[in-house]
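In what follows, a single structure is set out as structure tokens and then discussed.
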Amino acid sequence: MKDELILLAHGSGGKLSHDLVARVMQPAFANPALDLMHDGARVEAAGARLAFTTDSYVVKPLFFAGGDIGKLAVCGTVNDLAVSGATPLYLSAGFIIEEGFPVAALERIVASMRAAAAEAGVSIVTGDTKVVEKGAVDGIYINTAGIGAVIAGADISPLNARPGQDIILSGPVGDHAVAVMAGRHGLKLPATVASDCAPLGGMIGAVLAAVPQVAVLRDPTRGGLATTLNEIAAQAKVGIMVEEAAIPVRPEVQAVCDILGFDPLYLANEGKVIIFVESPYSEEVIAVLRAHPYGREARVIGRVTAAPAGQVGLRTGIGGVRLLDMLIGDQLPRIC
Amino acid sequence: MKSRTREEERRLAAFFRGEIARLATRPVRLMEVCGTHTVAIFKAGIRQLLPPEVELVSGPGCPVCVTPNEYLDTAVAYSRQQGVIITTFGDMLRVPGSSSSLAAEQATGADIRIVYSPLDSLAIAAANPAKKVIFLAVGFETTAPTAAATVLAAEQAGLTNFYVLSAHKLVPPALRALLTAGEVQVDGLLLPGHVSAIIGEEPYRFLAREYGVPAVITGFEPLDILGAVYLLVKRIAAGEAALDNEYRRVVPPAGNPAAVAVLDKVYGEADAAWRGIGVIPASGLAVKAAYRRFDALAALPVTVEETKDHPGCRCGEVLRGVARPADCPLFGAACTPERPVGSCMVSVEGTCAAWYKYGAGRWQV
């Protein structure tokens with residue numbers, strides 16, 4: 027493998043990304059907090075139970091329907107903390123900026139970060155700014171890291187997935203990826219299609235306050251719903267069966283996917299959460315989600331099964347059943 | 029189709045299933061020619077809804093899959109030339125040629141850009157007048173008219189740095205070659221809706237007339253495909269060979285004469301090499317003499333490495349419908365979508381990729 031090179035698909039969040047991390051990073055850095063491979067690590071410091079996470083944002087275009095790179099950089103990290111079962115508290119922000127980047131655009135991005143942080147109830151308490159020569163980055167990259175306090179009584183882990191649990195999704199999938207792709211390729215979309223980019227700390231906090239029995243939380247970002255479910259099935263060594271007819275996808279989003287040959291189940295979301303909970307608690311979880319603006323279309327989309335361990339199945343609209351695998355490479359537009 | 033409620037769809041699916049089971053009194057083998065159909069069949073889990081008597085086999089209908097290594101080697105050779113920009117549909121990127129792939133060349137610095145339409149290449153050519161922009165013109169009758177229209181648009185715009193590397197192929201001659209070879213017993217054919225929207229019904233008439241094989245032009249919704257299987261099983265049970273058009277809402281009997289006219293203006297029929305099948309007479313499209321300056325092969329010299337096929341890869345047999353992906357010793361082991369060996373595993377419409385992705389042989393309910 028000495029001639030092997032990093033390809034764009036290694037960053038897609040699908041199987042190639044996983045293999046790379048498992049082969050290169052994980053063995054080098056191995057420790058119990060990392061080995062759980064959750065969206066945020068749970069750590070203890072001076073007796074406090076904390077969640078800690080980081081993410082880098084390299085989205086193109088920088089501004090898109092429903093958000094921009096700044097809003098994304100705050101929401102993404104806030105959500106990673108929230109799905110670790112923590113109340114997001116503090117963020118750092120690191121900027122890598124290309125020389126020649128307009129200060130006005132930076133001001134817009136920073137204002138957007140401030141607004142998102144205010145909504146999420148977090149403070150950006152430290153940061154870093156680097157400027158690199160023209161062509162070294164594409165405009166601006168932002169890294170955010172975040173710290174949150176683990177909510178008392180919450181025990182969130184992918185390893186908690188157990189046969190019989192319901193799987194709840196907080197709303198339609200694919201909006202973010204389609205909005206960004208449309209921006210990138212200059213596609214004209216109906217005004218109803220916009221990124222779902224939103225800070226979910228408040229909504230998830232409300233769910234955990236009402237139903238501390240919630241077992242697994244995950245936000246289906248890169249790789250989408252399908253890849254996220256596969257990660258959980260593999261980690262917990264359980265099977266998962268989801269109902270195609272129950273998974274909400276906006277008709278406009280589906281239409282764009284049909285044209286470009288994309289599957290919305292693999293598209294990134296930035297304002298959705300997946301919740302695993304014992305079925306007697308499902309109704310209550312859904313009631314709390316639906317009471318919140320970001321969870322109005324929440325519903326049960328499937329169940330955890332005992333077998334086949336590590337695999338996700340999909341019952342199709344006409345009653346067939348097939349494997350719902352992880353995203354393999356990048357989704358690419360098809361020929362015909 | 030979209031206007032039906034989910035309940036109506038479920039009821040209709042149940043009706044088709046019941047009728048197919050009732051009518052299929054002997055084993056029949058139906059070939060779906062089109063890669064998009066193959067994917068739709070797996071994606072909807074249709075195979076397992078059919079009785080054991082009805083077998084679906086995949087044919088040579090994925091344009092990336094049937095493109096031979098030599099074409100990829102040529103594209104790779106062009107991509108290594110100074111001042112060349114390759115524009116391509118995404119599927120072609122990862123297909124391994126004899127010793128490299130476009131994705132590998134891109135990672136080492138070649139200027140290769142994914143386009144959603146061939147027309148996007150013209151803007152790239154206009155913005156880079158000092159470079160040569162070569163569009164990889166791959167696809168069946170569905171995409172060829174747009175490629176032809178792009179050549180006409182390039183001419184109108186006065187562009188002198190735009191070229192196509194044509195590997196366009198035609199579906200009816202491939203069907204004739206398959207049926208003539210008789211290597212695989214085909215009792216009925218599911219014909220591609222997209223291709224048919226361009227060429228209409230007439231080019232398929234020979235299937236029933238000369239080979240006695242019933243065929244159905246069909247769409248890509250799960251119910252289109254189940255409905256087409258039902259029509260075929262019904263024809264077979266009645267001992268009839270005829271052409272049915274299940275996809276009238278999209279496919280007019282005469283096709284799209286305007287698209288065909290554009291195609292005929294720029295391209296002419298030529299013998300073409302198909303991966304796994306070999307050269308089929310008059311089954312490809314070559315740029316006509318009047319437009320030769322847009323034909324990369326004619327206008328731009330290139331030295332191409334010697335073509336090598338991967339030993340053990342059975343893509344060719346899979347494309348002819350004589351082997352199933354699981355029959356290939358490489359399938360799922362040495363050859364996976366992450367590290368594909370053969371084209372059938374690379375393209376999202378490839379038979380092996382569809383088998384693998386949707387779990388055939390890997391997934392037990």
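So the sequence lines, in the order shown, correspond to chains F and C. If you read the first sequence in my numbering, its first letter stands for residue 27, the second for the next number, and so on. If you read the second sequence in my numbering, its first letter stands for residue 29, the second for the next number, and so on. C-beta atoms are modelled at their ideal positions from N, C-alpha and C, and glycine is treated no differently.
Burial state of Ser194/C, where buried means 16 or more other Cβ atoms lie within 10 Å:
buried
Could you tell me whether the region 267 to 279 of chain C touches the region 144 to 161 of chain C, where touching means 3 or more Cβ pairs closer than 8 Å?
Counting Cβ pairs under 8 Å, fewer than three are found: no touch.
Can you find a CB in chain F that lies within less than 7 Å of the CB of Ala202/C?
no
Around the C-beta of Arg276/F, are 16 or more other C-beta atoms found within 10 angstroms, so that it is buried, or is it exposed?
buried
Checking contacts by CB at 7 Å: is Leu20/F closer than that to chain C?
Here chain F has residues from 27 to 362 only, and residue 20/F is not among them.
If you draw a straight line from the C-alpha of Gly405/C to the C-alpha of Leu358/C, how long is it?
Absent from the structure is residue 405/C, since the part of chain C shown begins at 29 and ends at 393.
Any idea what DSSP makes of Met207/F, helix, strand or coil?
Shown here, Met207/F sits in a helix according to DSSP, grouped into three states.
Secondary structure at Asp292/C, three-state DSSP: helix, strand or coil?
helix
Select from the region 269 to 280 of chain F all residues with a C-beta closer than 7 Å to any C-beta belonging to chain C, and list them in chain order.
Ala271
Are the beta-carbon atoms belonging to Pro201/C and Ala310/C less than 7 Å from one another?
yes
Are any of the Cβ atoms in chain C nearer than 7 Å to that of Lys214/F?
no
Spell out whether any CB of chain C is found under 7 Å from the CB atom of Gly346/F.
Yes, its Cβ sits closer than 7 Å to a Cβ of chain C.
For the region 361 to 382 of chain C, enumerate the residues whose C-beta is nearer than 9 Å to any C-beta of chain F, in chain order.
Listed by position, the residues of the region 361 to 382 of chain C near chain F (Cβ gap below 9 Å) are Thr364, Pro365, Glu366, Ser375, Val376, Glu377, Ala381.
Work out the CA separation of Thr335/C and Ala270/C for me, nearest whole Å.
Using only the alpha carbons, I get a separation of about 41 Å.
Roughly how many angstroms lie between the CA atoms of Arg108/C and Ala138/C, to the nearest whole one?
If I take the Cα positions, the gap works out to 6 Å.
Within 7 Å, strictly: CB atoms of Ala56/F and Ala67/F
no
For Leu77/C, which residues from the same chain have a beta carbon less than 8 Å from its beta carbon, with the 5 sequence-adjacent residues on both sides left out?
Ala41, Arg45, Leu254
Thinking C-beta only, is Val223/C closer than 7 Å to Val244/C?
no
Beta carbons nearer than 7 Å to chain F: which residues of the region 233 to 250 of chain C have them?
Listed by position along the chain: Pro250.
State the CB to CB distance for the pair Asp245/F and Lys298/F, rounded to an integer number of angstroms; the pair is presumed to be in contact (CB under 8 Å).
That pair is a contact at about 6 Å.
Around the Cβ of Arg352/C, are there at least 16 other Cβ atoms within 10 angstroms (buried) or fewer (exposed)?
buried
Looking only at C-alpha atoms, which of Ile193/F, Asn295/F, Ile266/F sits nearest to Pro327/F?
With the sequence shown as reference, residue 327/F is identified as Ile, and Pro is not the correct amino acid for it. Comparing Cα positions, the closest option is Ile193/F.
If contact is defined by three or more beta carbon pairs under 8 Å, each pair taking one atom from either stretch, is the region 142 to 161 of chain F in contact with the region 199 to 219 of chain F?
no
Start and end of the alpha helix (DSSP H) containing Ser138/F?
129 to 146
His222/C, enclosing alpha helix (DSSP H) - first and last residue
221 to 227
Can you give the Cα-Cα distance for Val369/C and Cys101/F, rounded to whole angstroms?
40 Å
For Gly161/F, which of helix, strand or coil comes out of DSSP?
coil
In three-state terms, what does DSSP make of Glu169/C?
coil
Among the residues of its own chain, which have a CB less than 8 Å from the CB of Asn295/F, if the five just before and after it don't count?
Val199, Gly200, Asp201, His202, Ala203, Asp222, Asp245, Pro246, Thr247, Gly250, Leu251
Range covered by the beta strand (DSSP E) that runs through Arg237/C
Per DSSP, Arg237/C belongs to no beta strand (DSSP E); it is in the alpha helix (DSSP H), 233 to 239.
Specify the secondary structure class of Pro353/C as computed by DSSP and reduced to three states.
helix
So, is the C-beta of Ile122/F closer than 7 Å to a C-beta in chain C?
No - not a single Cβ of chain C is within 7 Å of the one on Ile122/F.
Indicate the three-state DSSP secondary structure (helix, strand or coil) for Tyr275/C in the structure shown.
coil
Suppose contacts are defined by Cβ-Cβ distances below 7 Å. Is Ile123/F in contact with Ile177/F by that definition?
no
Determine, using beta-carbon pairs with one atom in the region 66 to 76 of chain C and one in the region 363 to 382 of chain C, whether at least three such pairs fall under 8 Å.
yes
How many whole angstroms separate the CB atoms of Phe302/F and Ala187/F, which I take to be in contact at a CB cut-off of 8 Å?
5 Å
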